[in-house]
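Encoded as structure tokens, the structure appears first; notes follow it.
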Amino acid sequence: MITRRSFLQSSAAAAAFAASAGSARADNAPGVTDAEIKIGQTMPYSGPASAYGVIGRTEAAYFKMINEQGGINGRKINLISLDDAYSPPKTVEQVRRLVEEEQVAFLFQTLGTPPNAAIRQYCNDNKVPQLFVATGAAMFSDPQHFPWTMGYNPNYQTEAHIYGKHILATKPDAKIAVLYQNDGFGKDYLIGLKDALGADHAGMVVKEASYETSEPTVDSQVVTLQGSGADVFLIAATPKFAAQAIRKSFDIGWTGLRIVSTVSNSITSVLKPAGLEKSKGLIDAYYGKDPNDPRWKNDPGMKEWTAFVAKYMSPTELNDANATYGFGAAATMVQVLKQCGADLSRENIMKQAANLKDLELPLLLPGMKINTSPTNFSPIRQMQLATFNGENWELFGDLLTG
Amino acid sequence: MAEFLHQLASGLALGGVYAIMALALVMIYQATHLINFAQGEMAMFSTYFAWKLIDSGQPYWLAFFATVVASFIGGAVIERLVVRPFANAPVLASVIVFIGLSLIFNSLAGWLYGYSVTSFDTPFTGRPWFGSGYMSAHESGAVLVTFCVLALVYVFFRFTPLGLAMRAAAQNPVSSRLVGIRVGWMLAIGWGLAAAIGSIAGMMAAPIVYLDPNMMGGILLYAFAGALLGGIDNPFGAVFGGFAVGVLGNLIGAYVVGAEVKLSVALAIIIAVLVWRPSGLFGRRLVARV
Amino acid sequence: MADADGALRALAALALGVFALAFPFFASGYHIYQGAQVLIYAVALLGLNLLTGFNGQISLGHGAFFAIGGYGTAILMAKLGVPYWAAIPVASVVCFVAGFLFGFPALRFGGLYLALATFALAVATPQILSYKGFDAFTGGSQGLSLVKLRAPFGLKLNADQWLYLLCLACGAALYWAARNLVRGRIGRALIAIRDQPIAAEAMGVDAALYKTTCFGVSALYAGVAGGLSAVAVGFVSPESFELPLSFAFLVGIVVGGLASLGGVIFGALFIEFVPNLADQLTVNFGESAKALPGAIYGVLLILVMFLMPTGAAGAARAAAGAVARRLRSRRGAKIQDGGSAASAAAKYGGKGEAT
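Protein chains in written order, with this note's numbering: chain U, 270 to 671; chain L, 1334 to 1623; chain S, 32 to 386.
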């Protein structure tokens, strides 16, 4: 017969057992103490990709802000960000230092496709979460083969897919020319575009031209592409080269639809140098609010950003698209850590990263939500098309999901 | 046909920048018989100096000339402080020093000015000069500047006593000292002039390729190819070489091998020139007597 | 007292050898990995030193041969399933051929022009590696991933230890080979070609053959290093072989000491650890100063050239010479002038000493 006492005794025993089992399971990750959580990161602070270094700086500043507000569940975040100069051998070395010497809990926003490709196997072999890698390469959202690696950016292929669909819908007999950077980033666009067009429309792509980042300009490629008679121009290029392509295509009188990659949509870094007049009519897929856009002036998310910059960054970084990107990534990370609660083991960190439900961030477009699941390692999948009117980007259409 | 003309035109435009840079290399070579691997980074740094001046409100031409003068002084100072101590050391020591200098300038620029792409003003604004879209106003202006600099350099070396003294100092320092030429100062002035010319190259390049700390890397290589092709001791040759490399690069890239291997084209040009005609198309042939 | 010098040197070498062998058994995985990197750099520097230090041909492009070794090994392993112990030698032979072939046009240019041509080679290398036409082999910009090393014969070593010992074995063997090369007839021919090319030719030394072969051998060494590096990192992509790598090699041999085989270890240590050191220093300058390590590196380079023109090996020799002199003078023996003359000669052209 179950008496109340035996019931209480057994439930107490069960609770104690559950608690002890829970705490035995929640062996916190290395780098996690009662006072802090150590996070590791590699960023190109020197060398040709160093324009992205501002991402690391923004994230460090964001974590500083969180620490000043009391940290997460009483723990401060300690971000150790090392320079890898975008060189994969250096990345491997720095990551080993972070994981084995500094004993970080996990890696956050390691930047670049080759660097991340170089460390992916190591992280998965050693079960170190490689979270929110700062690259849109599709290969990093592969939970089946690499369960410890998770992407963050909207996938470049997804983005190109959206462009392809848009072209099919609005200009079904267009002739498309593509300028792409000769690396994973540029090639992903080509793959995504062709994928959207499908086999029966494959002939729409009449000319492709690639460039290397060590070249001074892409003017020659733009001329070649125009010579193909195309009337749609996809510019899968990084800021400097996108600006050159936008300017040159205007200068040689190419009147067609121009689509530019989302990494190069910054008004200050790309469109102003190219010439605002020359950038009119550009189309781009958006997933974040542009600080230059007057429509967000009174938006609470934008106000949060402005206040943050005023206190923690330098004024030139207010309009830097890389900085707003870092702001969002850091906020996502904080959400994951909050969700972890008391269990800061690597398993649980990974589990919570794959368990983001309808997370809204201040600088994401209204209605956009971040979602992850054990089978979906692409946090940001929605984008919205926008066109540049000479002053700012005008969103049109609906939120699209790739 | 139109496409061909466009390729030609943009090749000439960029070739003008290569040509000015090649002139700077020729200047250093004429003065010191050294090839300065740091010339590109110094030019980039000068361009940032100009940018800072313009950004703080100075009119363009004032900033331009201030930068040229400042670069001259800077170049001369570097020569006296950093390069002179290695005058008698093996060539390799100088090469290392140049590498060190290029690293320093690159990092300093990154630290002081950041790595984001910046636009740089051009004095040649408005409609394209020849009415068509082949060359923008700035590109035409840059080519014009190239010829102006070439003329100045030619006149300097050929018709001025200082130019003559510099050439003498490089060719035969011992005899030059005997006739009273201050060889040390000649070297410093040579570096100063090269730095000044380099700064002009940078300021002409920046509106086309946009200003960032890594803007001169590729340009330097093409300038080397141009200087070698034309003859490293001949200003006219260097300018011709610069334009040739610009045009050839574009044409070969567009019609033969694909534009993404243009740097390999430059490499091929360098090796071909060095194997078949080391003195370049217009340089003086050097014969070593055994 | 040559005996004392020789004995001292042998003792130092023995101590170093014992330390190097014992190292993987008491150091942590990360440090062992760094040790392996140092050995890999040392092998590449040995090759470059043969070419530039002993034979006087300046190469700013050894990163290209390193890349050929690395990619060759990776392609053989990843695409053709060749095991690493066969892939690395095959790739290095390919490098030898490439270097030998490059040596032919290089005969025509001397000094600075060769530096220029090799500089162009280094700049063009990543472009060539990313060339679309080779994508099927090179994996294009995605690069190639390699499987981790495993100790053979069931030896109880983890991957890091095995890698380190492999690099140590290769390094020791290649050092021994280089030392014999340099001390023998071929070495004398190389040095003669460097210092007095016309006299050497007049004496019947076939300069063309020696110079091109030297280029080939030097490329082979770089290829071995590249292959080992590919296996160590487990990944190759065009970004792994950019211009700074070639610069680093040149810096390494100059800092270590031109024409000093023993000095390459100093050079390798310098290029492996000083960038990290520069990184640490910038912590004081604030976040934006993350770009400064390059400047600090450049300043250090110039300082080293000022203060130690004969490199670390030369400085060590000078120091050892000073110590030896003091010891001798204490014994009352005649002060030998050999030390100062040797260092003066080394400063102005480096008589090759295979220490």
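Ideal placement from N, C-alpha and C gives every residue a C-beta, glycine not left out.
Not a single C-beta of chain L is nearer than 9 angstroms to the C-beta of residue 301/S. The Cβ of residue 305/S sits no closer than 9 angstroms to any Cβ of chain U. DSSP places residue 1439/L within a helical segment (H, G or I) once states are collapsed to three. Look at residue 179/S: its C-beta is under 9 angstroms from a C-beta on chain U.
Straight-line spacing of the CA atoms in residue 521/U and residue 555/U works out to 27 angstroms. By alpha-carbon distance to residue 87/S, the top candidate from 146/S, 272/S, 135/S is 146/S. The C-beta distance from residue 481/U to residue 158/S rounds to 5 angstroms, short enough to meet the 8 angstroms contact threshold. Taking a contact to require three or more Cβ pairs closer than 8 angstroms, the segment 406 to 420 of chain U and the segment 642 to 660 of chain U qualify as touching. For the segment 478 to 489 of chain U, the residues whose beta carbon sits under 7 angstroms from a beta carbon of chain L are, in order, 478, 479, 480, 481, 483, 484, 485, 486, 488, 489. Residue 381/U is a Cβ neighbour of residue 313/U, given a cutoff of 9 angstroms. Within its own chain, the residues whose Cβ lies closer than 6 angstroms to the Cβ of residue 534/U, once the five positions on either side in sequence are excluded, are 553, listed in chain order.
The CB of residue 1552/L never comes closer than 9 angstroms to any CB in chain S; the least such distance is about 11 angstroms. By the criterion of at least three beta-carbon pairs nearer than 8 angstroms, the segment 218 to 238 of chain S is not in contact with the segment 89 to 106 of chain S. Taking a C-beta distance under 9 angstroms as the contact criterion, residue 492/U and residue 443/U do not qualify as a contact pair.
By alpha-carbon distance to residue 326/U, the top candidate from 366/U, 364/U, 592/U, 505/U is 592/U. A Cβ-Cβ separation of about 7 angstroms places residue 1424/L in contact with residue 89/S under the 8 angstroms criterion. Looking at the DSSP output, residue 477/U sits in a beta bridge with 447/U.
In the displayed model, residue 1413/L falls within a helix according to three-state DSSP.
Cα atoms of residue 1392/L and residue 383/U: separation of roughly 44 angstroms, rounded to the nearest angstrom. Using a CB distance cut-off of 9 angstroms, residue 351/U counts as an interface residue toward chain S. A direct Cα-to-Cα measurement between residue 456/U and residue 1344/L gives close to 26 angstroms.
Shown here, residue 417/U sits in coil according to DSSP, grouped into three states, outside any helix or strand.
Of the candidates 1524/L, 1617/L, 1614/L, 1524/L places its Cα closest to the Cα of residue 1407/L. At a Cβ-Cβ threshold of 9 angstroms, residue 1340/L and residue 489/U count as neighbours.
DSSP places residue 574/U inside the alpha helix (DSSP H), whose first and last residues are 569 to 581.
Counted as a single uninterrupted DSSP element, the alpha helix (DSSP H) harbouring residue 453/U occupies residues 453 to 466.
Below the 9 angstroms Cβ cutoff, chain U contributes 483 as neighbours of residue 154/S, in chain order. The C-beta distance from residue 123/S to residue 330/S rounds to 35 angstroms, too long to fall under 8 angstroms, and the pair is not in contact. Secondary structure remark: continuous alpha helix (DSSP H) runs of at least 4 residues inside the segment 281 to 337 of chain S, in chain order: 295 to 312. Around the beta carbon of residue 338/U, fewer than 16 other beta carbons sit within 10 angstroms, so the residue counts as exposed.
DSSP places residue 375/U in the uninterrupted beta strand (DSSP E) bounded by 375 to 377.
By the CB criterion at 9 angstroms, residue 321/U and residue 364/U fall outside the cutoff.
Comparing alpha-carbon positions, the option among 561/U, 473/U, 619/U lying closest to residue 498/U turns out to be 473/U. Secondary structure at residue 434/U: helix, using DSSP grouped into helix, strand and coil. For residue 1545/L, the C-beta contacts it makes with chain U under 8 angstroms involve 320, 509, in order along the chain. Residue 270/S carries a helical assignment under DSSP once its states are collapsed to helix, strand and coil.
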